[in-house]
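Novice:
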Amino acid sequence: MFINAVFIILFLLGFYALIVKKNLIKMVIGLNLMEAAVFFWVISFSDIGGEVAIHKLNEAAVNFNDPVPQALTLTGIVIGASTAALLLTLIIELNKFTDTIDRDEIEGLNN
Amino acid sequence: MHKNFKNITAVVVFILMGIAFYENFQLMPAYKGLGEGVSDYIIRSGLSETGSLNLITAVLYDYRAFDSLGESTVIFGAVSGIVLILSRKMLPVSSRGLSFIVKRTLGIITPFIALFSIYVITHGHLTPGGGFQGGVIFAAISIIFSIVYGSAFDYRRYSPQMKTAFETVGALTFLGLGIAGIFMEGYFLHNLGFLTAETGTLISAGSIPYINMGVGLKVGAGLAIIFYSMIQKTFKEEI
Amino acid sequence: MQILEFLLLIFLVLAAVMAVRFDEELISIIFLSIFSLILTSLYMLHKAADVALAEAVIGAGLNTAIFMSAISQIRHGDSD
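Chains as they are written, first to last, in the numbering used here: chain A, 456 to 566; chain B, 34 to 272; chain C, 1124 to 1203.
#1: Is the segment 545-563 of chain A close to the segment 492-504 of chain A, with three or more CB pairs under 8 Å?
#2: When we look at the beta-carbon of A230(B) and count the other beta-carbons within 10 Å, is it buried (16 or more) or exposed?
#3: Would you kindly report the start and end of the unbroken alpha helix (DSSP H) that includes S262(B)?
#4: Where do the N-terminal and C-terminal ends of the alpha helix (DSSP H) with P193(B) fall, by residue?
#5: Decide yes or no for the touch test of the segment 80-87 of chain B against the segment 146-163 of chain B: beta carbon pairs closer than 8 Å, at least 3 of them.
#6: Mark E490(A) as exposed unless 16 or more other C-beta atoms lie within 10 angstroms of its C-beta, in which case mark it buried.
#7: Please report the Cβ distance between A111(B) and S499(A), rounded to the nearest whole angstrom; I am assuming they are in contact, meaning their Cβ atoms lie under 8 Å.
#8: Spell out the partners DSSP gives I176(B) in its beta bridges.
#9: What residues from chain C crowd round G505(A), counting only those whose CB sits closer than 9 Å?
#10: At which residues does the alpha helix (DSSP H) containing V517(A) begin and terminate?
#11: Which same chain residues end up closer than 7 Å to D1203(C) when comparing Cβ atoms and leaving out the 5 residues on each side of it in sequence?
#12: Can you find a CB in chain B that lies within less than 7 Å of the CB of D1146(C)?
#13: Expressed to the nearest angstrom, what Euclidean distance is found between the alpha-carbon atoms of A1179(C) and L208(B)?
#14: Quick check on DSSP: helix, strand or coil for E506(A)?
#15: Do E1148(C) and I480(A) come within 7 Å of each other at the CB atom, strictly closer than that value?
#16: Find the nearest neighbour of I262(B) within the set G103(B), I118(B), V92(B) and L93(B), judged by alpha-carbon distance.
#17: Quick check on DSSP: helix, strand or coil for N224(B)?
#18: Check D554(A) in the structure and name its three-state DSSP category.
#19: Leaving out five residues on either side along the sequence, give the residues of the same chain with a beta carbon under 8 Å from the beta carbon of Y471(A).
#20: Going by DSSP, name the residue or residues bridged to N478(A).
Set out below in structure tokens:
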């Protein structure tokens, strides 16, 4: 299915940035991409072609999309933002001592 | 030679991971729909039990309110860590601000941004939105002040002590409503039934609007503190 | 509807590739913001209004500001 292919591509792109890239900020960007891939897959997996899960006044309930995965995704997005902020803070503080954000230079390697 | 070997290894690993993902998706059962289970229960009886038109808000602040409490704790932990690492006794001055036209225009627009944030927070049980989204819009006001007027202005208008007080008030509102649930209804964070008014009005759905306000204050103040701590500190100035 | 979703998914993957492959951090952050914006419209197409609002506010707004403020105070030493 097309959604699964997009999930695999996005997740592997984020993993590639996390493993191969030497820039620390690019690693945080890769982490954000992996999160976004999982959230998007959960939302599109639970979409059964229904309506937005909000009742209308004085109308009978029609078929809704599943509200529980949407609530969990909402929780995850906010937590992802705060963890990204914490990681960037650690990078800023590390940069004050080493004057670089290259992973290998921080570890003392030169190539 | 060394670099080539590393790249080839990475490509092989990623291809193997892709194949593993693909095989997993082949084994995964199809989504059966909402015939049974907890989602079906929430969709059928969520409105009559909580009085909230928006079912996602009903899940977040009534059925799984303990999750939201844990999420608030995670944000509190992130704020504590960032402030602990980056705290300095300096007045941060990021810039002198932008031009006069931008400052005047922002002065006209700012009340409308605040109004939209308050609308999103208080109508969380009727329309899309809620405490988290409205709180982040509230934090955006502080961010725009720091960018356009320079962060010294933001410091004088909304000092960090005031933001800390806002965050404490939000967390105490959430916890207080949870403890009130023990005494009134018998369970922690149970919806307060005697507050329920006519469905569809602004003051309805039990304690959900009040929890929304608490979460909005907490998230907004917390993210504003995060951004305020992360902007550049250039020189020291007497406060 | 199908064609719109197809196009948006292609642009989503392209924005992610751009965000990973550029070496300069500023361009990566701009493309990450574009990625979040496209993701917002995809959430709206899948009938998840609350998630779309949260992604628009946090992913495209707050994350960009935090990343910008981080790269604005990172010093590159002269050890090239």
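All residues carry an ideal CB built from backbone N, CA and C; glycine is no exception.
Specialist: Reading off the structure:
#1: With the cut-off at 8 Å, the segment 545-563 of chain A and the segment 492-504 of chain A do not touch.
#2: Exposed, since its Cβ has fewer than 16 Cβ neighbours within 10 Å.
#3: I241 to M263
#4: P193 to E218
#5: By the Cβ criterion, the segment 80-87 of chain B is in contact with the segment 146-163 of chain B, since at least three pairs of Cβ atoms, one from each stretch, lie closer than 8 Å.
#6: buried
#7: Rounded, the Cβ-Cβ distance is 28 Å, inconsistent with contact.
#8: For I176(B), which the question treats as bridged, DSSP gives no partner whatsoever.
#9: K1170
#10: For V517(A), there is no enclosing alpha helix (DSSP H), as DSSP marks it with neither H nor E.
#11: Confidence in D1203(C) is poor, its pLDDT being 46 and thus under 50, which makes the residue's placement too unreliable to answer from.
#12: No, D1146(C) does not count as interfacial toward chain B.
#13: Approximately 29 Å, taken between the alpha carbons.
#14: strand
#15: yes
#16: The question names Ile, but residue 262(B) in the sequence shown is Ser. Closest option to S262(B), Cα to Cα, is I118(B).
#17: coil
#18: Assignment of D554(A) by DSSP, reduced to helix, strand and coil, places it in the coil class.
#19: G485
#20: D557(A)
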